[in-house]
Amino acid sequence: MPELMPVLLAEDNPQDAFLIRRALASAGARNPVHVVPDGQQAIDYLAGTGVFADRTAYPWPALFLLDLRLPVKDGLEVLRWIHERPAIPQSLPVVVLSSVELPRETQQAYAMDIAACLVKPLGFDEMRERMRILKEYWLDPLSPS
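Position in the sequence shown (first residue = 1) + 1277 = the numbering used here.
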């Protein structure tokens, strides 16, 4: 059975990262989740540079979950980097996550070809339901039969 492509999660809050990983697993996603705690590491992962140069250990993700409020480089800076590389948005669905509604930032993110924008729910059941929808839409078509 071929190995599943990972989900790349750029999230600086360890509790949110834990909740998202747990919600994905509870929703039935079997894809490994690679967590990076800042925007620069997200760029390095996507570029395959530095500690992420080994594509066997850090393969291209099936889905990129991107928090907008990240240290070092924020989510919009990561999106600008992606947007400057036209092949990436076509091969990688990017779902922006935010703890609060950020209308201006959300509008800027959609202008850079993101697939969706979700406000992180407070409860686990709601998070699991959102992760189930993401799984069915972006991860299940990639699952081996």
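Don't be surprised by glycine CBs; every beta carbon is placed ideally from N, CA and C. As the structure is a computational prediction, the values presented were derived from the model and not from experiment.
Backbone secondary structure at S1303 - three-state DSSP: helix
Best match in D1331, G1327, A1330, L1285 for proximity to D1344 [C-alpha to C-alpha]: L1285
Beta-carbon proximity check, A1386 vs L1356, cutoff 8 angstroms: yes
Span of the beta strand (DSSP E), counted from its first residue to its last, around L1342: 1340-1344
The stretch 1409-1416 touching the stretch 1376-1390, judged by at least three CB pairs closer than 8 angstroms: no
Member of A1302, P1314, A1306 whose CA lies at the smallest distance from the CA of P1291: P1314
Inside the stretch 1329-1395 only - beta strand (DSSP E) runs reaching at least 3 residues: 1340-1344, 1371-1375
Span separating the alpha-carbon of D1289 from that of K1350: 11 angstroms
For L1416, the first and last residue of its enclosing beta strand (DSSP E): Here L1416 belongs to no beta strand (DSSP E), and DSSP marks it neither H nor E.
Three-state class that DSSP yields for L1277 in the structure shown: It is not possible to answer for residue 1277, since the shown part of the chain is limited to 1278 through 1422.
Coarse secondary structure for L1286, derived from DSSP in three states: strand
heavy atom of the ligand ZN below 7 angstroms from L1343 C-beta: Of ligands this structure carries none, so the ligand ZN is not represented either.
Own chain residues within Cβ distance below 6 angstroms of F1329, not counting five before or after: D1321, Y1322, Y1335
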